[in-house]
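**Q** For the sequence shown, the working numbering gives the first residue as -14, with consecutive numbering after it.
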Amino acid sequence: MSKRHTLNPIRTEADYEAALAQAGRYFDAEPDPDSAEGAHFDALITLIEAWEAKHHPVLPADPIEAIKFRMEQAGLTARDLTAAIGGVNRVYEVLNRKRGLSLAMIRKLHDEFGMPLNALVGVKATHARVA
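Have a look at this one:
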């Protein structure tokens, strides 16, 4: 990077792509946060995040899709979920969206299968902080 750091607003998709390319150069050798380059990088990332939040928002996770993904990932069957959700019929009702998840089900799915709480309640992962 040159000694002179300029920031331009991101108004178009082309501006966004250019900002990404510029930020990408910093990832190989991230600058010291207290340097002029570090301040430029931080401001550039802030501009990129603001553009992405407005033009490329991350939608909240769909809880049922999160459950199905975890089932596929871990090789789980509907029977495996009965301890967390209830009988096999209830599991299928939930998976087919005929019955909603209760708070108790959400807690058990989290505790027993390590499913993220934010995915089970449909909260954006970038904003949810769950211990």
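The beta-carbon is built from N, C-alpha and C at its ideal position, and this holds for glycine as well.
Mind the definition here: the region 75 to 83 touches the region 48 to 60 only if three or more C-beta pairs lie below 8 angstroms; say whether that holds.
**A** With the cut-off at 8 angstroms, the region 75 to 83 and the region 48 to 60 touch.
**Q** With a cut-off of 8 angstroms on the beta carbons, I'd call Ala69 and Phe98 a contact; round off their distance for me.
**A** Confirmed, about 7 angstroms.
**Q** Should Ile30 be labelled buried (16 or more other beta-carbon atoms within 10 Å of its own) or exposed?
**A** Ile30 comes out exposed.
**Q** Could you say which of Asp65, Ala38 and Thr67 lies nearest to Ile(-5) if we only look at CA atoms?
**A** When only C-alpha atoms are compared, the closest one is Ala38.
**Q** Using alpha carbons as the reference points, say which of Leu66, Ile33, Ile91 and Ala89 lies closest to Thr(-3).
**A** If we check each option's Cα against that of Thr(-3), Ile33 comes out closest.
**Q** Contact defined as beta carbons within less than 8 angstroms: I believe Val106 pairs with Ile91. What is the distance between those atoms, to the nearest angstrom?
**A** Right, their Cβ atoms sit about 6 angstroms apart.
**Q** Measuring from the CB of Leu102, is there a heavy atom of the ligand ADP at a distance below 7 angstroms?
**A** Ligands displayed in this structure: none; no statement on the ligand ADP is therefore possible.
**Q** Between which residues of its own chain and Tyr11 is the CB-CB distance below 6 angstroms, once the five residues before and five after are set aside?
**A** Correct list, in chain order: Phe26.
**Q** Using the beta-carbon count (16 or more within 10 Å), is Leu88 buried or exposed?
**A** Classification for Leu88: exposed.
**Q** Helix, strand or coil, according to DSSP, for Met100 in the structure here?
**A** If DSSP states are grouped into helix, strand and coil, Met100 belongs with coil.
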